[in-house]
Amino acid sequence: MRPPHLQGFLLVVICLGSYFGSSENNPFPDITDEKFINDCVRIHNDNRSSVNPPASNMLYMTWDEGLAVTARAWARHCVFEHNIYLRDVRRVHPVFSSVGENIWAGAPPSTFSVMKAMRLWVNEDQYYKYESNVCQQGKMCGHYTQVVWATSYKVGCAVQICPNGVDKTTFSGQIGAIFVCNYATAGNMNGMLPYQTGTACSACEGTNNQCQAKLCRNSERDKQKSRFEVNSFKLLICYFFITCMSLHLSPVHRLQLDP
Numbered sequence: 637m638r639p640p641h642l643q644g645f646l647l648v649v650i651c652l653g654s655y656f657g658s659s660e661n662n663p664f665p666d667i668t669d670e671k672f673i674n675d676c677v678r679i680h681n682d683n684r685s686s687v688n689p690p691a692s693n694m695l696y697m698t699w700d701e702g703l704a705v706t707a708r709a710w711a712r713h714c715v716f717e718h719n720i721y722l723r724d725v726r727r728v729h730p731v732f733s734s735v736g737e738n739i740w741a742g743a744p745p746s747t748f749s750v751m752k753a754m755r756l757w758v759n760e761d762q763y764y765k766y767e768s769n770v771c772q773q774g775k776m777c778g779h780y781t782q783v784v785w786a787t788s789y790k791v792g793c794a795v796q797i798c799p800n801g802v803d804k805t806t807f808s809g810q811i812g813a814i815f816v817c818n819y820a821t822a823g824n825m826n827g828m829l830p831y832q833t834g835t836a837c838s839a840c841e842g843t844n845n846q847c848q849a850k851l852c853r854n855s856e857r858d859k860q861k862s863r864f865e866v867n868s869f870k871l872l873i874c875y876f877f878i879t880c881m882s883l884h885l886s887p888v889h890r891l892q893l894d895p
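Once you know that position 72 of the sequence shown is 708 in the working numbering, the rest is easy, because the numbers rise by one and skip nothing.
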């Protein structure tokens, strides 16, 4: 049996390797793939700009590398349930204090595309009543409301093949795929509406906003990133050490949530 300090060292090495490396057995695009990133951002913004009733304060959404890393780390677990560590402030992300999440899973893997996965999420709008801010009994609306949550302005997604199936699904015994998107700041806050209604961009948050496709876009907000530059290497080490230790060493208490 390895000494505890050696086990800890090996764990850190493995975790850092999972960040810097990519999965050779994953046929899907990596989180750095430009087309994948553009598809995720474009489809989110298309749906945000076309809400009904129309929104007055919907922020333009851009990509965040840190959120994508968190999404990839959880996707590799191949389990159809929410990341239980998202509720812990800054435990899985060094910048944002709250992170939201949407999950899609399917089989066979060929059933996946960003468009198909997100269509299932946004089609929940048929069960959601904005005026009363309620979801039809027995239905899910949380994926839709997170996609169109006005103050969620950063997104990071990852897709992972699951050779042994996606746990907690009806197709767990066959090869499948899982798609995870993380959002900042988190949506679906209890008792709050996803956005304000009114003329597009008439209630944009902050100053220096441009109205683009009915969305409030701000160049400074777009520039906000959790990208780990060389001069923040210590932050990278701390972030991934904490994340990996929590994922590998903490007891897992399953949450009864609808991903």
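For every residue, glycine included, the Cβ atom is placed at its ideal position computed from N, Cα and C.
DSSP bridge partner residues for residue i (one or two, in chain order)
i: Gly827; result: Answer by DSSP bridge pairing: none, since Gly827 is not bridged.
i: Asp803; result: Val715
i: Ile679; result: Note: Ile679 sits in no beta bridge, so no partner.
i: Thr902; result: As displayed, the chain neither begins before 637 nor continues past 895, which places residue 902 out of reach and without an answer.
i: Gln846; result: Arg853
i: Glu737; result: Asn818
i: Cys912; result: Missing from the structure shown is residue 912; the chain here goes from 637 to 895 and no further.
i: Cys924; result: Any question about residue 924 goes unanswered here, given that the chain covers just 637 to 895.
Sequence-distant residues of the same chain with beta carbon closer than 8 Å to residue i, five excluded per side
i: Asn800; result: Cys714 and Ile811
i: Ser658; result: Residue confidence is low: Ser658 scores 45 on pLDDT, short of 50, so the model does not pin down where it sits. Its coordinate-derived value is still stated next. Counting only Cβ-Cβ distances below 8 Å, and skipping sequence neighbours, we find Asp666.
i: Asp858; result: Tyr696 and Thr698
i: Gly809; result: Gly801
i: Ser788; result: Leu695, Met697, Gly736, Gln782, Tyr819, Ala820, Thr821, Ala822 and Gly823
i: Arg708; result: Ile667, Ala794, Gln796 and Val816
i: Asn683; result: Met754, Val758, Val783 and Val784
i: Glu856; result: Asn844
i: Thr833; result: Pro689, Pro690, Ala691, Ser692 and Tyr766
Residue i in three-state terms, based on DSSP
i: Leu703; result: helix
i: Thr747; result: helix
i: Tyr907; result: Residue 907 falls outside the range modelled here, since the chain spans only 637 to 895, and no answer is possible.
i: Cys793; result: strand
i: Leu756; result: helix
i: Arg853; result: strand
i: Phe732; result: coil
i: Cys874; result: Note on Cys874: pLDDT 40, under 50, position unreliable in the model; the coordinate value appears next. Here Cys874 sits in helix by DSSP.
i: Ile720; result: coil
i: Ile814; result: strand
i: Thr668; result: coil
i: Gly742; result: strand
i: Ala709; result: helix
i: Val784; result: coil
i: Phe864; result: Reliability fails at Phe864, whose pLDDT of 48 lies under 50, so the model's placement of it is uncertain and the value that follows must be treated cautiously. Three-state result, Phe864: coil.
Residues near residue i in its chain [Cβ-Cβ closer than 6 Å; skip 5 each side]
i: Ala822; result: Ser734, Val735 and Gly736
i: Trp785; result: Gly823 and Pro830
i: Gln846; result: Arg853
i: Ala753; result: Trp740 and Phe815
i: Val687; result: Val784
i: Phe672; result: Pro665
Expected contact under 8 Å - CB spacing of residue i and residue j to nearest Å
i: Cys852; j: Asn693; result: 7 Å
i: Ala849; j: Ser685; result: 5 Å
i: Val816; j: Ala743; result: The pair is not a contact, with the Cβ atoms about 16 Å apart (cut-off 8 Å).
i: Asn738; j: His680; result: Not confirmed; about 10 Å, so no contact.
i: Asp700; j: Lys790; result: 4 Å
i: Pro690; j: Ala836; result: 6 Å
i: Val577; j: Val758; result: Here the chain covers residues 637 to 895 and nothing more, so residue 577 does not appear.
i: Thr706; j: Asn818; result: 5 Å
i: Ala813; j: Phe748; result: 5 Å
i: Trp740; j: Leu756; result: 6 Å
Neighbourhood of residue i by C-beta, 7 Å cutoff - its chain only, sequence neighbours within 5 removed
i: Cys771; result: Tyr763, Tyr764 and Cys777
i: Val731; result: Gly702 and Ser862
i: Asn662; result: Gln796 and Ile797
i: Glu865; result: In this prediction, Glu865 has a pLDDT of 43, which is less than 50 and means its spatial position is unreliable; nothing more can be read from the coordinates.
i: Val677; result: Met697, Thr698, Trp699 and Val791
i: Ser838; result: Ser692
i: Glu670; result: none
i: Thr806; result: none
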